[in-house]
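Visitor: My questions will all concern the structure given below.
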Amino acid sequence: VSFDVYLNVAVGGILTGLVYGLMALGLSVVFGVVRIVNFAHGEMMTIAMYLAVVLFSQFHLDPLLMLVPIAAVLFVCGYALQAGLINPFITRPEHSQFLLLVALGLIIVNSLLIVFGPDARSVQTSYAYDSFQIGPLIVDASKLYAGGAAVVLAALLFAFFRYTLTGTAIRACADNYTGAQVVGLDVKHLYALTFAIGAACVGAAGAIMTLIIDVTPMLGPTYTLLAFVIVVTGGLGSMPGALLGGLLIGLTEAFAGLLFTPSAKSMFAFGILVLVLLFRPQGLLGKRLA
Amino acid sequence: VIARLSGNLSPRGLIFLAALGAALLIAPFVANDYLLTVLILILYFAYTGQAWNIMMGFAGQLSLGHAIYVGLGAYVAALLFTRYGIAPWIGLLAAIPVTVACGAVIGFLAFRFGVAGVYFAILTIAFAEFARIGFDHLDIVNASAGLFLPVAQYTHNDLWRLRGNPAMFYYVILAATVLAFILSRVLMTSRIGYFWLAIREDEIAASAAGIDTFRYKMYAVMISAAVTAFAGVFYAFFYNNLFPEQVFNISRSIEIILGPIIGGVGTLFGPVLGAFVLTGLAETLNSAMLYFGIDLPGAKQVFYGVCLLLVVLALPNGVWPWLARRLGVAERSR
């Protein structure tokens, strides 16, 4: 196998990894602030994916354009979910919260299965088979657009948390729950908002992802797990860590697919998780284990 | 023994238990094959639930990857049987060390580095998924093509080689469930059980009181894994086919934990009650859908999800503690 092939696979892996990173950011933000482990994360993403698929097959609307309305829908769902269902669980034991979301995930996956059936659906955009050639490098147009969109959205998210007043307020809640209440922040609203932002993230990632993979209901648990692997690898609660973890897992999967067999690629992602837990349990960019 | 085992049951509780025991003993004589299969399924989940409960209910370590122990137990015994004709009971003796070793590796990785709570759960899923994909590419177990056991003619029951009719399997899993119950009861009131309880309630305090928390958490994982190994052997010989995609699937792990959660985590009767309630309701739903000619592959799972949601919302401690109070057969609360 020549060097060019490795280079091409690496670029493909990085672009996919960026979308993974965006997806994991959603999980990381929710965990970092609300301290809730969203075990229905991947399932929420499949909802977004099916929205994208339906919008495309019925109205020929490009997933990249529909990304904003789809993210908005998940934003609203996320807000309602946190404010209505999850908020009373904030003080419950960890496993109780976890099971609530497992139940939600189970309902989502199988409802999608009932509605759409087990067959894979895909989005055939006009540029699905286009590619750009830069020297020896051949980049799929779909992957390039997907990676680019993920970068833009991740940058927006960083800017939101860094520079806006609401973003600062949310970070305050994460740093000191009691302190945030004392200074008069509406913590319940901010928590719901954070969950909504996390949902919007994964919604956008789902819409983008339809460009590069086929959609089945069973992707839900797979991507929940992948998001966890990425977040734990990158460092819990660390936003740059989630992106870095996404890149690392994207690259690992791409090379595992090249050097072994594509169907075994997630094994290597789990292998990385075990290695990280062994040698750097706080994650690559994490400060300490929660 | 009976007095010790029923120490915290009221006379009414004992009568309930005796009636249930008698009903279960005569079931194969009155039930048709379908009902018997449902009962086997219920007992299977009562058994695996009991095994999982040792880890989560007693020691507070949430495992969401128990399918890995079922799968390993199933594959070891099935492989020994198909390749070398080794009887499943001997196969079990080989399967237990394998699952215990697997549990030990997972426990060591997690407990050494303070991977706890939900992150521990994720690690257990990761291992089960690792095994699923690994076995899917492992030629010695026929990879994704699946491993098949020769199906016997149901003319006579061969208990030693676990070949026979559903009634035989029914009594085997019934006996196993009773044994698992007794084991749980013994563990619960033993020294190790109290150490687990201390760890579950407050690990730092337990450690301060001089309990070697690492060691006792390891014991919990390893005992739970060993008990689950038999479920795997039973699974292999009852269904006669093994596919990594099915055996190690995350939904298998979820099914295992649903019973004890719905019944009541950390109780002795919870896993049993949960298995009856959940599998009973799910099979009723199945039959109803069959009767009305509705074919919805995901309906059962949606139903599981709704059940889990309702129990987590309304009865966070499970159905059994609530029911026990109502019936006046309160199990000592732990």
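Line order of the protein sequences matches chains A and B.
Taking the numbering used here, I'd label the letters of the first sequence as residues 1 to 290.
Taking the numbering used here, I'd label the letters of the second sequence as residues 1001 to 1334.
Glycine is no exception: its CB is placed at the ideal position from the N, C-alpha and C atoms.
1) For the alpha helix (DSSP H) holding Ile1122 (chain B), just list the boundary residues, first then last.
2) Just by C-beta distance, which residues in the segment 1099-1126 of chain B are closer than 8 Å to chain D?
3) Under DSSP, the alpha helix (DSSP H) around Ser1144 (chain B) begins and ends at which residues?
4) Give a yes or no on whether 9 Å exceeds the smallest Cβ distance from Asn110 (chain A) to chain B.
5) What is the C-beta distance between Val52 (chain A) and Pro63 (chain A), in whole angstroms, given that I count them as a contact (C-beta under 8 Å)?
6) So, do the segment 8-16 of chain A and the segment 123-139 of chain A have three or more beta carbon pairs nearer to each other than 8 Å?
7) Ends of the beta strand (DSSP E) at Ile213 (chain A)?
8) Between the alpha carbons of Pro1065 (chain B) and Ser1253 (chain B), how many angstroms are there, rounded?
9) Would Thr16 (chain A) pass as a contact of Ala146 (chain A) if the rule is Cβ separation under 9 Å?
10) Let me know the beta strand (DSSP E) ranges lying completely inside the segment 1061-1111 of chain B, each 3 residues or longer, listed in chain order.
11) Going by beta carbon distance, what residues of the same chain come within less than 7 Å of Leu106 (chain A), once the five residues before and after it are set aside?
12) How about Asn1240 (chain B) and Phe1148 (chain B): do their beta carbons lie closer than 9 Å?
13) For Met209 (chain A) and Val123 (chain A), I'd like the C-alpha separation in whole angstroms.
14) Residues in the segment 79-98 of chain A with C-beta within 9 Å of chain B's C-beta atoms, listed in sequence order?
15) Can the beta-carbon of Thr1075 (chain B) be found closer than 9 Å to that of Ala1231 (chain B)?
16) Which residues, in order along the segment 254-282 of chain A, keep a beta-carbon less than 8 Å from a beta-carbon of chain B?
17) Does Leu137 (chain A) come out as helix, strand or coil in the three-state DSSP assignment?
18) Would you mind giving the Cβ-Cβ distance between Ile1261 (chain B) and Val1221 (chain B), rounded to the nearest angstrom? I have them listed as a contact below 8 Å.
19) Among the residues of its own chain, which have a CB less than 6 Å from the CB of Gly220 (chain A), if the five just before and after it don't count?
20) Could you work out which residues of chain A lie near Val1302 (chain B), taking near to mean beta carbons separated by less than 8 Å?
21) Taking the CB atoms as reference points, tell me whether Ile14 (chain A) and Leu225 (chain A) lie closer together than 9 Å.
22) Less than 8 Å between C-beta atoms, sequence neighbours within five positions excluded: which residues of the same chain meet that for Phe1303 (chain B)?
23) How about Arg1334 (chain B): is its C-beta nearer than 9 Å to some C-beta of chain A?
24) At a CB distance below 8 Å, what residues from the segment 1129-1145 of chain B approach chain A? Give them in sequence order.
25) Output the distance between the C-alpha atoms of Asp1202 (chain B) and Trp1196 (chain B), rounded to the nearest integer angstrom.
26) Could you pull the DSSP bridge partners for Asp62 (chain A) from this structure?
27) Could you tell me whether the Cβ atoms of Ala128 (chain A) and Leu211 (chain A) are closer together than 9 Å?
28) Along the alpha helix (DSSP H) that carries Asp175 (chain A), what are the first and last residues, could you check?
29) What is the DSSP secondary structure of Asp1158 (chain B), reduced to helix, strand or coil?
30) What number of angstroms, rounded off, separates the C-alpha of Leu1183 (chain B) from the C-alpha of Met218 (chain A)?
31) Output, in chain order, the set of chain A residues within a Cβ distance shorter than 8 Å of Ala1299 (chain B).
32) Mind the definition here: the segment 1156-1166 of chain B touches the segment 1031-1051 of chain B only if three or more C-beta pairs lie below 8 Å; say whether that holds.
33) Specify, as a first and last residue, the run of the alpha helix (DSSP H) that Glu125 (chain A) falls within.
34) Are the CB atoms of Phe75 (chain A) and Gly237 (chain A) nearer to each other than 9 Å?
35) Please go through the same chain and pick out, in chain order, the residues whose beta-carbon is closer than 6 Å to the beta-carbon of Trp1322 (chain B), but skip the five residues on each side of it.
36) Which class does Leu1020 (chain B) belong to by DSSP, given the choice of helix, strand or coil?
Guide: Result, derived from the coordinates:
1) 1117-1136
2) Of the protein chains in this structure, namely A and B, none is chain D.
3) Counting along the chain, Ser1144 (chain B) falls outside any alpha helix (DSSP H), and DSSP gives it neither H nor E.
4) yes
5) Reading the sequence as shown, one finds Ala at residue 52 (chain A) and not Val. Between Pro63 (chain A) and Ala52 (chain A) the Cβ distance is about 4 Å, and since that is below 8 Å, they are a contact.
6) Below 8 Å, enough C-beta pairs join the segment 8-16 of chain A and the segment 123-139 of chain A to call them touching: three or more.
7) Per DSSP, Ile213 (chain A) belongs to no beta strand (DSSP E) and is neither H nor E.
8) Per the sequence presented here, residue 1065 (chain B) reads as Gly, with Pro not at that position. Rounded to the nearest angstrom, the two C-alpha atoms are 5 Å apart.
9) yes
10) none
11) none
12) yes
13) In this model, Met209 (chain A) and Val123 (chain A) are separated by some 10 Å (Cα to Cα).
14) Leu85, Pro88, Phe89, Arg92, Pro93, Glu94, His95, Ser96, Gln97, Phe98
15) Going by the sequence as given, residue 1075 (chain B) is Tyr instead of Thr. Contact flag unset, no.
16) Thr261, Ser263, Ala264, Ser266, Met267, Phe270, Gly271, Leu273, Val274, Leu277, Leu278, Pro281
17) strand
18) The pair is not a contact, with the Cβ atoms about 19 Å apart (cut-off 8 Å).
19) Gly42, Glu43, Thr46, Val109
20) From the beta-carbon of Val1302 (chain B), the residues of chain A found nearer than 8 Å are Leu106, Ile107, Asn110, Ser111, Ile114.
21) No, the pair does not count as a contact, with Cβ atoms beyond the cut-off.
22) Leu1281, Ala1282, Leu1285
23) Confidence at Arg1334 (chain B) is low in this model, with a pLDDT of 47, below 50, so its placement is unreliable and no value can be given for it.
24) Glu1129, Phe1130, Ile1133, Gly1134, Asp1136, His1137
25) 10 Å
26) DSSP, once it has assigned bridges, lists no residue as partnering Asp62 (chain A).
27) yes
28) 165-175
29) strand
30) Straight across, the Cα-Cα distance linking Leu1183 (chain B) with Met218 (chain A) is about 37 Å.
31) Asn110, Ile114
32) yes
33) In the sequence as displayed, the identity of residue 125 (chain A) is Thr instead of Glu. Premise fails: Thr125 (chain A) is in no alpha helix (DSSP H) and is neither H nor E.
34) no
35) Leu1315
36) In the structure shown, Leu1020 (chain B) falls within a helical segment according to DSSP collapsed to helix, strand and coil.
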